[in-house]
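Reviewing the structure listed below.
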Amino acid sequence: MERSHLFIFSFFLLVLLQLPVATLADSEFLRLEERERERRRSLEETPDVRLETQTLPESGLPSNETPCFALHRVSITGKNADYFSWAARPAQQLLDDHPELCIGASGINELLRRTQNSVISRGYTTTRMVIAPQDLNKGVLEITVIPGRVEQVRVTDTTSPRVTLANALPLGSGDLLNLRAMEQGLENLQRVPTANANITITPGEQTGGSDLVVDWQQRFPLRVHLSLDDSGSRSTGKYQGNATLSWDNPLTLNDLFYVSKGKDLGGGEKGKRGTENQSVHYSIPWHYWLFSINASESEYYQEIFGAYESYIYSGESQNINAGVSRLIYRDSLSRLTFSLDGWIRRSRNFINDTEITLQKRNMAGWEAGTAYRRFVGQGSVDWNLKYKKGTGAFGALKAPEEDYRAGSSRPEIISSNLNYQTPLRFLNRPMHYSLSIRNQWNRTHLVGQDFFSIGGRYTVRGFDGERSLASERGWLTRNDLTLPLGQTRQSLYIGLDYGRVNGPSATELTSKHLTGAAFGLKGQQRFLNYDFFSGTPLSKPSGFEASDVVFGFNLSASF
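At position 455 of the sequence shown the residue is numbered 455 (UniProt numbering), and the sequence of numbers has no breaks.
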């Protein structure tokens with residue numbers, strides 16, 4: 001009997017090691033990663049502040065003015081003239097477009113308005129452009145700049161004592177006052193949901209001077225977020241529950257801290273099976289910088305029945321990510337951010353209490369990225385591009401697949417995301433459209449945990465996620481059309497998704513794409529958010545097992 005058990009165990013181990021990548025441990029890892037990414041997205045949402053500016057009405061240059069002057073150049077003079085030299089460009093362009101005109105008083109005022117609007121459009125709303133007495137017979141119009149500066153930053157009498165401006169507001173006494181910097185400060189001051197901030201500009205005592213008066217309030221800083229969904233797998237627990245405790249502004253530095261605990265709540269196949277996960281997050285801003293660290297770990301186990309006895313196949317993984325991002329450009333319609341992260345990823349798998357050493361992972365590396373946001377009309381476009389590279393840091397282990405060129409512990413991956421959303425009107429009814437496109441390219445061989453996977457509620461809907469298509473590279477697109485139901489705080493939506501994988505691991509697939517559709521109802525009632533949906537596959541490879549109709553739900557409550 002002892003020898004038969006050894007034979008069965010050895011046969012089972014051999015089968016496990018020969019299964020295609022992106023199955024068992026890898027598919028469970030990818031599923032957990034998708035859930036963690038979605039949870040972080042919902043827990044780390046940041047406000048979007050856009051302060052409105054009002055420019056002066058513009059017109060063309062009038063003709064036949066008297067007296068008039070033959071002007072050919074606009075020049076900026078005064079203190080900080082070199083810094084504001086760009087402000088003359090619109091007025092200079094207007095002159096260049098009409099070299100035949102003789103410019104009188106109305107034309108000079110129009111050139112002044114163009115120059116003033118130029119500084120206002122860049123956020124310098126308290127900077128003034130004036131025209132001093134001068135000899136215009138030289139053909140040069142000199143416009144004097146009076147810089148608008150911050151005299152002092154102060155708080156209202158009713159502001160909470162827990163406010164900290166030093167790391168939030170990138171403006172101080174003597175700085176040029178700019179609305180873009182104020183927007184950044186407001187986003188930092190109210191980046192946690194329990195905080196609310198407002199900044200008022202009041203006249204200062206000096207010429208061009210202004211005071212910034214900050215009012216900041218915070219509700220009770222502890223928040224609880226509970227969620228329940230059926231995003232798990234039948235092999236490790238279909239129903240997944242999660243509880244998150246968030247502490248807003250714990251160090252009074254506009255920082256965010258939260259801990260999260262998740263567990264399966266049953267709903268799987270017979271036998272012993274389940275999942276557990278926990279994560280912790282901390283982030284803190286410093287003017288245009290944001291520093292963050294995330295750590296998570298997860299475990300899963302499933303009972304596999306053999307001919308004579310059952311075995312427990314289990315796995316565990318740990319992830320640590322520390323990063324910094326920097327806003328490098330911002331105007332009234334767009335912003336550009338650069339980020340750099342370091343990451344560590346470890347995973348182990350077991351049969352009963354025996355570790356499968358050939359499936360042990362210990363990887364580390366860095367990731368650089370850019371994120372760009374552009375407001376287009378009432379809609380917005382978000383695009384990010386990332387380059388991820390594995391290194392030998394922190395005791396990284398060579399991947400067993402490297403010996404036969406089927407994986408690498410030092411991957412090079414390029415990924416991108418594009419998201420577009422805009423309000424619409426159809427038959428005089430307000431609607432909302434959103435588009436999401438994700439891509440992944442590989443420059444090296446990849447292990448299954450780095451594959452691009454499609455098929456499920458977070459990728460291509462219409463599939464239950466029990467099976468997926470996964471390979472080294474791929475892309476997907478998700479389209480949603482949402483119809484609000486009056487004033488009920490509910491919406492109906494339909495979705496159409498398409499995804500495709502490619503790479504060496506996809507060469508034997510009969511088809512490399514999935515297409516699916518979804519229909520759902522989502523809404524909010526007091527503290528409860530809900531999303532009930534159904535979906536159906538529209539296109540899949542032959543032999544790819546999938547239900548004709550799938551149903552799912554997401555429930556969450558915040559306190």
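Where is the CB? At the ideal position from N, CA and C, for every residue including glycine.
- Setting aside the 5 residues that flank it on each side, residue 234 is surrounded in the same chain by 268, 269, each with a C-beta closer than 6 Å to its C-beta; the list follows chain order.
- Residue environment for residue 158: exposed (fewer than 16 other C-beta atoms within 10 angstroms of its C-beta).
- With the rule of 3 Cβ pairs closer than 8 Å, the stretch 121-133 counts as touching the stretch 167-186.
- In the three-state reduction of the DSSP assignment, residue 244 falls in the strand class.
- Cβ-Cβ separation between residue 73 and residue 172: approximately 36 Å, too far for a contact (criterion under 8 Å).
- For residue 535, the three-state secondary structure derived from DSSP is strand.
- Judged by DSSP secondary structure, residue 118 falls within the alpha helix (DSSP H) whose first and last residues are 105-121.
- Listed as beta-bridge partners of residue 516 by DSSP are 497, 537.
- Every unbroken stretch of the beta strand (DSSP E) spanning 3 or more residues and falling wholly within the UniProt domain "ShlB POTRA" (149-203) is given here in chain order: 149-155, 195-203.
- Beta-carbon to beta-carbon, residue 533 and residue 518 are separated by about 5 Å, close enough to satisfy the 8 Å threshold.
- For the 7 Å CB-CB criterion, residue 385 and residue 368 do not form a contact.
- Taking a C-beta distance under 7 Å as the contact criterion, residue 428 and residue 472 do not qualify as a contact pair.
- Counting only the Cα atoms, residue 59 lies some 54 Å from residue 222.
- Judged by DSSP in its simplified three-state form, residue 138 adopts helix.
- Nearest neighbour of residue 287 by Cα position, chosen from 64, 299, 371, 191, turns out to be 191.
- Counting other Cβ atoms within 10 Å of its Cβ, residue 549 stays below 16 and is therefore classed as exposed.
- Of all alpha-carbon atoms in 229, 431, 398, the one lying nearest the alpha-carbon of residue 493 is that of 431.
- Cβ neighbours of residue 239 within its own chain (closer than 8 Å, five residues either side excluded): 228, 229, 230, 232, 264, 265, 266, 267.
- Taking every protein chain shown into account, the CB of residue 343 has 16 or more other CB atoms within 10 angstroms, so this residue is buried.
- Here the C-alpha atom of residue 419 lies approximately 4 Å from the C-alpha atom of residue 436.
- If only uninterrupted beta strand (DSSP E) runs of at least 3 residues are considered, those enclosed by the stretch 213-241 are 222-229.
- Judged by pairs of C-beta atoms under 8 Å, the stretch 66-83 touches the stretch 102-114, as three or more such pairs exist.
- Assignment of beta-bridge partners to residue 303 by DSSP yields 312.
- In the DSSP assignment, residue 67 forms no beta bridge with any residue.
- Three or more beta-carbon pairs separated by less than 8 Å are not found between the stretch 241-249 and the stretch 478-491, which leaves the two stretches without contact.
- In this structure, the beta-carbon distance from residue 254 to residue 198 does not fall below 7 Å.
- Closest option to residue 395, judged by alpha-carbon separation, among 488, 527, 360: 360.
- When only Cα atoms are considered, residue 206 and residue 151 end up about 8 Å apart.
- For residue 487, the number of other beta carbons within 10 angstroms of its own is below 16, and it is reported as exposed.
- The DSSP-derived three-state label of residue 93 is helix.
- Going by C-alpha positions, residue 465 is about 4 Å away from residue 456.
- Within the same chain, Cβ atoms closer than 6 Å to the Cβ of residue 490 are found at 523, the five residues on either side in sequence being excluded.
- Three or more Cβ pairs closer than 8 Å define a contact, and the stretch 160-167 falls short of that threshold against the stretch 90-97.
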